[in-house]
Every structure is written in structure tokens, then in C-alpha cells.
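Residue numbers for the sequence shown follow the working numbering, so the first one is 550 and each next one is one higher. Ideal Cβ placement from N, Cα and C applies to all residues, glycine included.
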Amino acid sequence: MPYQLKAKDRSCKALFGPLLRSFFFRGGYATAPFGCQLQINESRYYFPNLWGSRTLKSCICAMVNGVSLHVGERQSVGIIGPNGCGKSTLLKAIYRVNPIDSGEVLLNGQNVTKMSPKEAARHIAVVGQFNELAFDFSVQDMVLMGRSPHKKMMEGYSEADYKLVEDTLRKTELYPLRQRSYLSLSGGEKQRVILARAIVQQPELLILDEPTNHLDIKFQFEVLDLVKDLNISTLCVLHNIELSARYCDYLYAMKQGRI
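This is the structure we're talking about:
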């Protein structure tokens, strides 16, 4: 049975006091109506060798080695551990960038690996560590892309879509930057744009891979409070143990590919 630390003692809450609650999403902003159940059972992912083989005998190491974990409905679950222990690799296995070699990833009882990319994107949104693009869009267009999984082929964006984007841009303090080139933004501003896009996607599960990278302390608290107020299931990797204890309902510790 994996060791699971329940983060009830949020000592930093008393320390930082008023900073911990932001103004974001007060006033009944509509997000996804419910969370989801994520279950990972004995999942493994092997790095290929120099010849590209990923068979068990020829692989260098298992970066995710028999991992099982659970995220309940509307729970915030964190994964902590040293650099290189497999945290980001595990997250990528969940959102299908790294297909698992064995085990299963279930979302509300459905096997995520058997979903189409568009179907998976209707349920899962991701805020990753690195958000560079080879070509440019405006901030508003970047956020608007979060509605794409909900559209049929050749279907345009509706007035409700644009209103949702506008509300999200205002609440993430990005509205003054809405016509700016995404590539011209700072690292912290780009991270907020990607988070805004994930919010507009209205997922049931939000995956966060070090979402506070490049953010100053003010926006670290505000971004995580924003995510908490979405009231959906979240799975995140955070290096700051105080932020993890304050934000997460449960923590999993990971080392050398194992929980």
C-alpha cells in the first residue's frame, strides 16, 4: 500500500494569513459541474534504449515502476519527490504523451489510453512546465483554444465562448494583455495564459506540472487559490513543500519511479 500523507496541517496558512485567499472566481463563475475519479493501477513506463527499443529486457530503466494512486472527486492530490524521480513522466503517462507499458489509467472507470485525443481533452486539461511555441498567437487566441475539444469539425466559437474567455482573462489579470503576442510575454505571464486556457477548457481533471514556475510569490498563492476554487479534481507536482501542504488534500511521495 503506497504511503499517503494527508495534508491537514497547513502551517503556512497561519504564517501567510490574508495572502492565501485571492479574489479569483468569487461571484459564481461557472466551471465544470463535477470532479472525477482518477485511478492508476500498477502502471509502468520504460525509457527506450539507444536503438529505440522499449521491450522489458532491453530498456535502461523503468521511470514509472508499478505506480498506483487515487484522486477522488474534487480532491487536490500532490506528488512530491527529488528531481528525476519520475514525477513528470508519470503525469505525461496520464495525459497520453508517454503511453504506459503496463497497468491502467482509469478516469471515472474509463480507460484513458483508449479514448480519442479529443475525448480525453474534454475531460483532462494540462498545465505543463514548458510552454514554448514554434509560431505565434495572441493571448486571447491562445486562451480561446481551450474551447476546441468541445467543438465539432468546422464549428465556430460561440458568443458564450468569447464571454467565457473574457471573464477568465479578467480574473487572471490577463485582460490588458489580450492582444499581445504570446511569444513576447515573460515566463510567468505565459504560465498564466496556459492556466487560463486550461480553465476555459472546463475539465473534470486538471493536471499541473510545477504550475508556479516563473511566478512571483503573490501569483503563486493566487494561482493555486484560483485552481482550488475551481472545485474539480486536480493532480499536481509541486517542489515547494509549504505550498503542497497548504494546497493539497493528500500527498504522495515518489522516489526512483515508485510511490
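Per DSSP, reduced to three states, the secondary structure at tyrosine 706 is coil, with no helix or strand assignment. Setting aside the 5 residues that flank it on each side, aspartate 798 is surrounded in the same chain by Gln624, Ser625, each with a C-beta closer than 6 Å to its C-beta; the list follows chain order. As summarised for the region 675-742, the continuous alpha helix (DSSP H) elements at least 4 residues long and confined to that stretch are 688-693, 708-720, given in chain order. Counting only runs of 4+ residues, the alpha helix (DSSP H) found wholly inside the region 625-672 occupies 636-643, 666-672, in chain order.
Proximity of the region 713-731 to the region 622-642 falls short of the contact definition, fewer than three beta-carbon pairs being nearer than 8 Å. Counting the other Cβ atoms within 10 Å of the Cβ of glycine 705 gives fewer than 16, which makes it exposed. The beta carbon of valine 675 lies closer than 6 Å to those of Tyr644, Ile756 in the same chain, with the five residues before and after it left out.
By the 16-neighbour rule on beta-carbons within 10 angstroms, glutamine 750 is buried. Contact between threonine 638 and asparagine 647 is confirmed by a C-beta separation of about 6 Å, below the 8 Å threshold. Per DSSP, the continuous beta strand (DSSP E) segment holding glutamate 591 begins and ends at 587-595. Minimum Cα-Cα distance from glycine 806 among the listed residues Phe679, Val616, Gln659 corresponds to Val616.
Under DSSP, histidine 619 takes part in a beta bridge, and its partners are Gln588. Of all alpha-carbon atoms in Phe684, Leu787, Val620, the one lying nearest the alpha-carbon of valine 654 is that of Val620.
By the neighbour-count criterion, in which 16 or more other beta carbons inside 10 Å mark a residue as buried, tyrosine 711 falls on the exposed side. Straight-line spacing of the CA atoms in arginine 696 and lysine 804 works out to 36 Å.
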